[in-house]
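In order, the protein sequence lines correspond to chains A and B.
For reference, each letter of the first sequence is one residue, going 3 to 332 in the numbering used here.
For reference, each letter of the second sequence is one residue, going 3 to 332 in the numbering used here.
Working notes, beginning with the structure itself.
Protein chains: 2
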Amino acid sequence: MTETRYDVIAIGNAIVDIMAASDDATIERLSLNKGGMTLVDADGARRLYEAMGPAKEISGGSAANTLAGLAALGAKCAFIGQVADDQFGRVFAHDIRAGGIDFDTPTREAEPPTAQCLIFVTPDAQRTMNTFLGASQYLPAAALDEQAIAAAKVLYLEGYLWDPEEPRAAMRRAIDAARRAGREVAFTLSEVFVIDRHGDDFRALIADGLIDVLFANHTELAALTGESDLEAGIAALKDKVPTLVVTCGAEGATALRKGERATVPSVATTVVDTTGAGDLFAAGFLHGHVAREPLERCLQRGAICAAEIISHYGARPEADLQALMAEKLG
Amino acid sequence: MTETRYDVIAIGNAIVDIMAASDDATIERLSLNKGGMTLVDADGARRLYEAMGPAKEISGGSAANTLAGLAALGAKCAFIGQVADDQFGRVFAHDIRAGGIDFDTPTREAEPPTAQCLIFVTPDAQRTMNTFLGASQYLPAAALDEQAIAAAKVLYLEGYLWDPEEPRAAMRRAIDAARRAGREVAFTLSEVFVIDRHGDDFRALIADGLIDVLFANHTELAALTGESDLEAGIAALKDKVPTLVVTCGAEGATALRKGERATVPSVATTVVDTTGAGDLFAAGFLHGHVAREPLERCLQRGAICAAEIISHYGARPEADLQALMAEKLG
């Protein structure tokens, strides 16, 4: 086996989030898909930005957020994703590297610009995301560093990036590279619309034994399995993926790993913005997972990270996550 | 007199703040001027950005922050300042307009990029600012909308922008336009280094009776008057400016207006980031001032706004300032 250089290497969208407080009347007036993630084109993004209040910009991207959490917890990480040669691209690259994450994917020189996600946060702390994928959706397989993938304990993939064609091909190749090196592949389903479009791919990857760790929330589990009941959904998958992690928002999370099962409640906090809750749950869980911690402990780490991220705006951690773990878990 | 369209029109730097948590060791290692504002060139900005942790981007600029506060309080405002044709320029323009502020200064097409301020926030909530002025420092007098200036009750100028040559000429012309229209001119001294370089200009403007409302903190007052004692500094200016406002951080603020004098304590809050404290104090004060409120009430509004801004990252208000005023002042 290649020498291990990373705990987790991830492939994901390289996005800057543009976040603003909003209200339900605005969500309705703009016909937004409240609580969901909707893809928009450049014109759509412009239109929505004009309708948005004063905002702040914070690096985002689902898998990139997970790595930011992992790196803050002390894991060694690398990110693969594509930005354009513009200010948002430099912001994204800065933030990921400043978090101690290796990031060497070449910048794309041509149009379109770096991906942006316009996020409307309502008073109920729900986030409504509208993503212009920009340069991110053209991540070529040639940009993969297969040696780095072979050198990581876990290859982590976000479902969002399965939608555009080029990154999908890149991710398939990355899965092969990880497998050849005897590494684990972790996958997050991301969003129901992705499962609606690519559920057959995901079911095939699972049937082929190519996914070792699967992250889903309750709705995504239902979309993938066709079982709206949580237990039925779990039953449909538990023998097909070695590690299954199902998050249920405020109701907590359940995981199954090789015959073992654990459930934890969510960690109480004042919820300000739910953006990144799943991403940071995955960060905490994976941090325990790569350290071969007991399943319940992995889930607890996930719940602690998720609680931190929803207590403030933005999907990148602000608190000292290592201190938080020490405080909460001793 | 021209019909009044605005309560306040301001000329200032059009800046996007890039803010990150830092520590005193970093401030020392980078030889930064803790608590101050230092101008940096493009290379300096690049070097500091590389040394900075994961950041967030929030529109800034001293006078622009003041207008954001004023507009949030319900005042009618317009901003004059120059951005470049880039993503940060679009962010700045979006945020100011989304706050309900008129902003029609043409975008500058050439290099350099939009102004950026790299802000290191230490655990003591102090902000250390390093500003690359970019397009902002080339604001031409031709960009002034003199009709808009004539239509505003108050022309508000930030001292920071007195430093570069073109905006200084533009501001002199703006003062003339305001005076011809019988309007008030308000000026904030911004920073000691500006007074060190341009104190003679400021003293001449004051001697010529061209400044109606002067904002200074204790240190700036000392630099301008040569009197380190607060009362001596006040005594040196009180007969030369119709309204003098002196802020003393946590010790509160004092104002003198045509024989009247008032002092208020600061408003207690959990201080997270002092960026924008003076800017938002000016917002609250001016909101009362244009409504011809008693001097003490103007200061109270300033203190409430300042407390809001230092309770979170960034120099743009997050709370509902009108609701806050109603709650605190009844």
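No residue lacks a Cβ here, since even glycine has one placed at the ideal position from N, Cα and C.
Only a predicted model underlies this, so the values are computations on that prediction, with no experimental measurement involved.
Residue j beta carbon less than 8 Å from that of residue i
i: Val85 of chain B; j: Thr109 of chain B; result: yes
i: Val187 of chain A; j: Ser24 of chain A; result: no
i: Leu288 of chain B; j: Tyr158 of chain B; result: yes
i: Ser64 of chain B; j: Tyr162 of chain B; result: yes
i: Ala279 of chain B; j: Val266 of chain B; result: no
i: Ala117 of chain A; j: Ala16 of chain A; result: yes
i: Leu223 of chain A; j: Gly211 of chain A; result: no
i: Asp165 of chain B; j: Arg199 of chain B; result: yes
i: Val196 of chain B; j: Phe90 of chain B; result: no
i: His314 of chain A; j: Asp275 of chain A; result: yes
i: Cys307 of chain A; j: Leu323 of chain A; result: yes
i: Cys261 of chain B; j: Gly286 of chain B; result: Note that residue 261 of chain B corresponds to Gly in the displayed sequence, not to Cys. Contact flag unset, no.
i: Ala309 of chain A; j: Val269 of chain A; result: yes
i: Ala57 of chain A; j: Phe81 of chain A; result: no
Given residue i as reference, the closest of the options once Cα atoms are compared
i: Ala53 of chain B; options: A:Ile11, A:Ile98 and A:Gly83; result: A:Ile98
i: Ala325 of chain B; options: B:Ala74, B:Arg175 and B:Glu5; result: B:Ala74
i: Cys119 of chain B; options: B:Asp322, B:Ala22, B:Ala153 and B:Gly201; result: B:Ala22
i: Glu193 of chain A; options: A:Gly71, A:Pro244, A:Glu167 and A:His220; result: A:His220
i: Thr245 of chain A; options: A:Lys58, A:Leu297 and A:Gly83; result: A:Leu297
i: Ala153 of chain B; options: B:Asp178, B:Ile312 and B:Thr4; result: B:Thr4
i: Ala127 of chain A; options: A:Arg48, A:Ile312 and A:Ala171; result: A:Ile312
i: Val273 of chain A; options: A:Ala238, A:Gly316 and A:Leu32; result: A:Gly316
i: Thr277 of chain B; options: B:Gly261, B:Arg199 and B:Pro319; result: B:Pro319
i: Glu111 of chain B; options: B:Phe105, B:Tyr140, B:Asp104 and B:Glu229; result: B:Tyr140
i: Asp203 of chain B; options: B:Glu167, B:Gly290 and B:Arg7; result: B:Glu167
i: Asp241 of chain A; options: A:Cys250, A:Gly38, A:Ser230 and A:Ile213; result: A:Ile213
i: Arg182 of chain B; options: B:Ala270, B:Asp106, B:Asp231 and B:Lys155; result: B:Lys155
i: Met173 of chain B; options: B:Ala143, B:Phe105 and B:Arg185; result: B:Ala143
i: Gly38 of chain A; options: A:Asp106, A:Ile121 and A:Ser268; result: A:Ile121
i: Pro125 of chain B; options: B:Glu253, B:Thr28 and B:Asp231; result: B:Thr28
i: Arg48 of chain A; options: A:Gly136, A:Lys36 and A:Ala80; result: A:Gly136
i: Gly251 of chain B; options: B:Val243, B:Arg263, B:Pro169 and B:Thr271; result: B:Thr271
i: Glu113 of chain B; options: B:Ala44, B:Glu253, B:Lys36 and B:Ala176; result: B:Ala44
In DSSP terms, what residue i is bridged to
i: Val10 of chain A; result: A:Cys79 and A:Val156
i: Asp19 of chain A; result: A:Ile60 and A:Cys119
i: Glu262 of chain A; result: A:Arg259
i: Ala218 of chain B; result: B:Val248
i: Asp104 of chain A; result: A:Ala80
i: Thr130 of chain A; result: A:Phe122
i: Phe189 of chain B; result: B:Leu159 and B:Leu216
i: Ala224 of chain B; result: For Ala224 of chain B, which the question treats as bridged, DSSP gives no partner whatsoever.
i: Ala279 of chain A; result: None, per the DSSP bridge assignment.
i: Ala86 of chain B; result: B:Arg110
i: Thr40 of chain A; result: A:Asn132
Integer Cβ distance of residue i from residue j, believed to fall under 8 Å
i: Gln302 of chain A; j: Leu331 of chain A; result: 6 Å
i: Thr130 of chain A; j: Val42 of chain A; result: In fact, because the Cβ distance is near 12 Å, the residues do not count as touching under 8 Å.
i: Val215 of chain A; j: Val248 of chain A; result: About 12 Å; that fails the 8 Å criterion.
i: Asp147 of chain B; j: Pro115 of chain B; result: That pair is no contact at about 24 Å.
i: Ala150 of chain B; j: Ile11 of chain B; result: 6 Å
i: Ile13 of chain B; j: Gly83 of chain B; result: 7 Å
i: Glu59 of chain A; j: Ile20 of chain A; result: 6 Å
i: Gly201 of chain B; j: Ala237 of chain B; result: Not really, about 18 Å apart at Cβ, beyond 8 Å.
i: Leu72 of chain B; j: Asp9 of chain B; result: 7 Å
i: Thr68 of chain A; j: Ala284 of chain A; result: 5 Å
i: Arg31 of chain A; j: Lys78 of chain A; result: With a Cβ gap of about 46 Å, Arg31 of chain A and Lys78 of chain A do not count as contacting.
i: Glu229 of chain B; j: Thr190 of chain B; result: No, Glu229 of chain B and Thr190 of chain B are not in contact; Cβ-Cβ is about 19 Å, not under 8 Å.
i: Ala145 of chain B; j: Thr107 of chain B; result: 5 Å
**Study point:** Short-range partners of chain B found in the region 53-82 of chain A, where Cβ spacing is below 8 Å
**Key:** Met54, Gly55, Pro56, Ala57, Lys58, Glu59, Ile60, Ser61 and Ala70
**Study point:** Against chain B: residues of the region 85-99 of chain A by CB proximity under 7 Å
**Key:** Asp88, Gln89, Phe90, Val93, His96 and Asp97
Practice item. Note down, in chain order, all residues in the region 26-42 of chain B with a beta-carbon under 7 Å from any beta-carbon belonging to chain A. Key: none
Exercise for review: With 9 Å as the C-beta to C-beta threshold (strictly closer), list the residues of the region 100-116 of chain B near chain A in chain order.
Suggested key: Ala100, Gly101, Pro115 and Thr116
Check your understanding: When Cβ atoms are compared, which residues of the region 299-318 of chain B fall closer than 8 Å to chain A?
Key -> Listed in chain order, the positions of the region 299-318 of chain B with a beta carbon within less than 8 Å of a beta carbon of chain A are Gly316 and Arg318.
Review point. Mind listing which residues of the region 148-176 of chain A have their C-beta closer than 8 Å to chain B's C-betas, in chain order?
Key: none
**Study point:** Near-chain A residues of the region 5-25 of chain B (beta-carbon distance less than 7 Å), N- to C-terminal order
**Key:** For the region 5-25 of chain B, the set of positions with a beta-carbon nearer than 7 Å to some beta-carbon of chain A is empty.
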